[in-house]
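Chemist: Quick one: this structure, given as structure tokens, is what I'll be asking you about.
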Ligand code: MN
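Residue numbers (this note's numbering): -17 to 402.
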């Protein structure tokens, strides 16, 4: 097993097997750089690039690490991503003296995580949210339409999605104000304008497009994997009362686009390969453009915790797994582009709420409390049907290897009162 000269504990999400990408700002001088994470350190790839460490490498022809976002690097394609990953792992390896023994350079390029603030790593052009968990779609369908019409007739034939809003994709550690909007109570004939009373999270994972496709040229399912750069944790914040009133006939709008938050480190698809596995069996068999003969997914353990203002520590209320999803990322991408719709480097496609079969694997308050019928009891003695002001929601995700983890770190946001 490859080991770094930087000490990394077995439960760290960021060993040398990970090498995720992010963008950070040095607290000392405000310089913004592209970096990777190793243990509790950030490695400054921009400065390494400026110092010539990646000279003569194919990926470095346009010096992508000297940009302020990852879009350029993401557009280069998987051979370049692989070349860069190997070069970075080599530099961090305990067997390689080049950086290990050069204390002057180490001082410049290895920063303790406390000494940086993390930035939005990508200029996101477009954001799409899928609805690819059968358990989630079934649960929501039962609540909104009743048991008979839970799963719509199209659901088992295509990965349902809606176009989200890229402008309101925000980072971990950004606070979110409770949204306001039109709500209609069941026993009222008229809607009212108010702060949402049914604010919710959605536990999701998203993937970033690396190389795109030209308008009119679909990405075939056999090729889809090559277009995926990496994954992040996603919280698709949702106002259920606004959603209920607005969603017919065109689907979610203001109930969703006030905020979508993502974790700061993009874990590459290559780093996830040791954790690949077969997805759920699909019946009926999808149409051929959605059928590659395999349903590839990844064993990513997901956990969601909540901490109210009165609690000293977070309380886990949901444990799920990426592999519960019915539709694969490859199918999502093939479907999204089958009409010729073009993807661009840095576009974000999220999975939809990831719910499993067990009661505690449901990825939203709506499902966990069954629309408020079964409130969650918090360690502080409080109860929650939906989120309250000053609640913090924390999502964690990682893959467990033999003696190491490849993880995403934490996605954490606090709810602030509405601006009425
Ligand atoms: Mn969603």
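The C-beta atom is built at its ideal place from N, Cα and C for all residues, glycine as well. Treat the numbers as computed from the prediction; the structure is a model and nothing was measured.
Please output, in chain order, the residues near ligand 1 using a CB cut-off of less than 6 Å to any non-hydrogen atom of the ligand.
Modeler: 111, 184, 186, 218, 334, 335
Chemist: Return the chain-ordered list of same chain residues with a C-beta closer than 7 Å to the C-beta of residue 29, the five sequence neighbours on each side being excluded.
Modeler: As a working mapping, residue 29 is identified with position 47 in the chain shown. Taken in chain order, the residues that qualify are 15, 90, 91.
Chemist: State whether the stretch 130 to 140 contacts the stretch 78 to 90, with contact taken as three or more CB pairs (one from each stretch) at a distance under 8 Å.
Modeler: no
Chemist: Do the stretch 63 to 83 and the stretch 333 to 346 touch if we need at least three Cβ pairs shorter than 8 Å?
Modeler: no
Chemist: Got a sec, what are the start and stop residues for the beta strand (DSSP E) residue 111 sits in?
Modeler: As a working mapping, residue 111 is identified with position 129 in the chain shown. Residue 111 -> beta strand (DSSP E) spans 109 to 112.
Chemist: Enumerate in chain order the residues of its own chain whose CB-to-CB distance from residue 174 is below 7 Å, with the five nearest sequence positions on each side excluded.
Modeler: The sequence position of residue 174 within the chain shown is 192, counting from 1. Only 165 meet the Cβ criterion.
Chemist: Is the separation between the beta-carbon of residue 322 and that of residue 141 shorter than 8 Å?
Modeler: Here residue 322 refers to the residue found at position 340 when the chain shown is read from its first residue. Here residue 141 refers to the residue found at position 159 when the chain shown is read from its first residue. It is not a contact, given that the beta carbons lie outside the stated cut-off.
Chemist: Might you give, ordered along the chain, the residues of its own chain that have their beta carbon closer than 6 Å to the beta carbon of residue 97, omitting 5 neighbours on each side?
Modeler: For this step, residue 97 is matched to residue 115 along the chain shown. Around residue 97: 9.
Chemist: Taking Cβ positions, are residue 240 and residue 375 nearer each other than 8 Å?
Modeler: Taking the chain shown and counting its residues from 1, the one referred to as residue 240 is at position 258. Taking the chain shown and counting its residues from 1, the one referred to as residue 375 is at position 393. In this structure, residue 240 keeps its C-beta atom at 8 Å or more from the C-beta atom of residue 375.
Chemist: Indicate the three-state DSSP secondary structure (helix, strand or coil) for residue 255 in the structure shown.
Modeler: Taking the first residue of the chain shown as 1, we reach residue 255 at position 273. In the three-state scheme derived from DSSP, where H, G and I count as helix and E and B as strand, residue 255 is classed as helix.
Chemist: How is residue 306 classed by DSSP in three states: helix, strand or coil?
Modeler: Position 324 of the chain shown holds residue 306. Residue 306: helix per DSSP, three-state reduction.
Chemist: Excluding the 5 residues flanking residue 243 on each side, which residues of the same chain have their C-beta closer than 8 Å to its C-beta?
Modeler: On the chain shown, position 261 is the one that residue 243 refers to. Excluding residues within five positions, the ones whose Cβ falls inside 8 Å are 151, 152, 153, 154, 156, 158, 216, 217, 219, 393, 395.
Chemist: To the nearest angstrom, how far is it from the Cα of residue 420 to the Cα of residue 380?
Modeler: Lying before the first or after the last residue shown, residue 420 is absent from the chain, which here runs from -17 to 402.
Chemist: Straight-line CA distance for residue 188 to residue 333?
Modeler: As a first step, residue 188 is located in the chain shown; it is residue number 206 there, counting from the start. As a first step, residue 333 is located in the chain shown; it is residue number 351 there, counting from the start. So the alpha carbons of these two residues sit roughly 6 Å apart.
Chemist: Tell me the start and end of each unbroken beta strand (DSSP E) in the stretch 14 to 102 that is at least 3 residues and wholly inside, in chain order.
Modeler: 14 to 20, 23 to 26, 92 to 94, 98 to 101
Chemist: May I have the straight-line CA-CA distance separating residue 299 from residue 123, to the nearest angstrom?
Modeler: For the purposes of this step, residue 299 is identified with residue 317 of the chain shown, where counting begins at 1. For the purposes of this step, residue 123 is identified with residue 141 of the chain shown, where counting begins at 1. If you take the alpha carbons of residue 299 and residue 123, they lie about 22 Å apart.
Chemist: Look at the alpha carbon of residue 13 and the alpha carbon of residue 47, and state the distance between them as a whole number of angstroms.
Modeler: Within the chain shown, the letter at position 31 stands for residue 13. Within the chain shown, the letter at position 65 stands for residue 47. Just so you know, the alpha carbons of residue 13 and residue 47 end up roughly 13 Å apart.
Chemist: Since residue 312 contacts residue 203 with CB under 8 Å, what's their CB separation in whole angstroms?
Modeler: Translated into positions along the chain shown, residue 312 becomes position 330. Translated into positions along the chain shown, residue 203 becomes position 221. Correct: roughly 6 Å between the Cβ atoms.
Chemist: Looking at the structure shown, is residue 180 part of a helix, part of a strand, or coil, going by DSSP?
Modeler: For the purposes of this step, residue 180 is taken as the residue at position 198 of the chain shown. When secondary structure is reduced to three states using DSSP, residue 180 falls in the coil class, being assigned neither helix nor strand.
Chemist: As an exercise, report each continuous alpha helix (DSSP H) stretch of at least 4 residues that is fully enclosed by the stretch 170 to 229, in chain order.
Modeler: 222 to 228, all fully within the stretch 170 to 229.
Chemist: Around the Cβ of residue 387, are there at least 16 other Cβ atoms within 10 angstroms (buried) or fewer (exposed)?
Modeler: Residue mapping note: residue 387 aligns to position 405 of the chain shown, counting from 1. It counts as buried.
Chemist: Sort 137, 325, 285 by Cα distance to residue 211 and report the nearest one.
Modeler: Against the chain shown, residue 211 aligns to sequence position 229. Cα-wise, what sits closest to residue 211 is 325.
Chemist: Quick check on this structure: which residue in 37, -1, 172 has the alpha carbon closest to the alpha carbon of residue 21?
Modeler: What you label residue 21 is simply residue 39 of the chain shown in a count that begins at 1. When each option's Cα is compared against that of residue 21, the closest is -1.
Chemist: State the start and end residues of the unbroken alpha helix (DSSP H) segment that holds residue 319.
Modeler: The residue you call residue 319 lines up with position 337 of the chain shown. Segment 311 to 319, the alpha helix (DSSP H) holding residue 319.
Chemist: With three or more beta-carbon pairs closer than 8 Å as the criterion, would you say the stretch 293 to 307 touches the stretch 266 to 285?
Modeler: yes
Chemist: Compare the C-alpha of residue 362 against each of 32, 297, 402 and name the closest.
Modeler: Along the chain shown, read from residue 1 onward, the residue named residue 362 stands at position 380. It is 297.
Chemist: For residue -5, write down the residues that DSSP places opposite it in a beta bridge.
Modeler: Counting from one through the chain shown, the residue named residue -5 turns up at place 13. DSSP output for residue -5 lists no bridge partner at all.
Chemist: Look at the Cβ atom of residue 286, then the Cβ atom of residue 185, and state whether they are nearer than 8 Å.
Modeler: As a position in the chain shown, residue 286 is number 304, starting the count at 1. As a position in the chain shown, residue 185 is number 203, starting the count at 1. Closer than 8 Å, so yes.
Chemist: Between residue 50 and residue 31, which are expected to be in contact by the criterion C-beta below 8 Å, what is the C-beta distance as a whole number of angstroms?
Modeler: Residue mapping note: residue 50 aligns to position 68 of the chain shown, counting from 1. Residue mapping note: residue 31 aligns to position 49 of the chain shown, counting from 1. Contact between residue 50 and residue 31 is absent: CB atoms are separated by about 13 Å, not below the 8 Å threshold.
Chemist: If you reduce the DSSP assignment to three classes, tell me which class residue 243 lands in.
Modeler: Sequence index remark: in the chain shown, residue 243 carries index 261 (1-based). Of the three classes helix, strand and coil, the one that applies to residue 243 here is strand, per DSSP.
Chemist: Could you work out which residue in 399, 274, 390, 314 is closest to residue -7 when comparing CA atoms only?
Modeler: Residue -7 sits at position 11 when you count from the first residue of the chain shown. Comparing Cα positions, the closest option is 390.
Chemist: So the candidates are 318, 88, -4; which of them puts its Cα closest to the Cα of residue 198?
Modeler: In the chain shown, counting from the first residue as 1, residue 198 sits at position 216. Considering only alpha carbons, the answer is 318.
Chemist: Check the C-beta distance from residue 19 over to residue -4 and give it rounded, since I have them as a contact under 8 Å.
Modeler: Your numbering for residue 19 matches position 37 in the chain shown. Your numbering for residue -4 matches position 14 in the chain shown. The C-beta distance from residue 19 to residue -4 rounds to 4 Å, short enough to fall under 8 Å.
Chemist: Going along the chain, which residues of its own chain have a beta-carbon closer than 8 Å to the beta-carbon of residue -11, five neighbours each way excluded?
Modeler: For the purposes of this step, residue -11 is taken as residue 7 along the chain shown, with counting starting at 1. Correct list, in chain order: 21.
Chemist: Need the endpoints of the beta strand (DSSP E) that residue 8 sits in, please.
Modeler: As a working note, residue 8 is residue 26 in the chain shown. Residue 8 -> beta strand (DSSP E) spans 4 to 8.
Chemist: Taking the Cβ atom as the reference point for each residue, do residue 262 and residue 229 lie within a distance shorter than 8 Å?
Modeler: For this step, residue 262 is matched to residue 280 along the chain shown. For this step, residue 229 is matched to residue 247 along the chain shown. Against a cut-off of 8 Å, the Cβ pair of residue 229 and residue 262 comes out as no contact.
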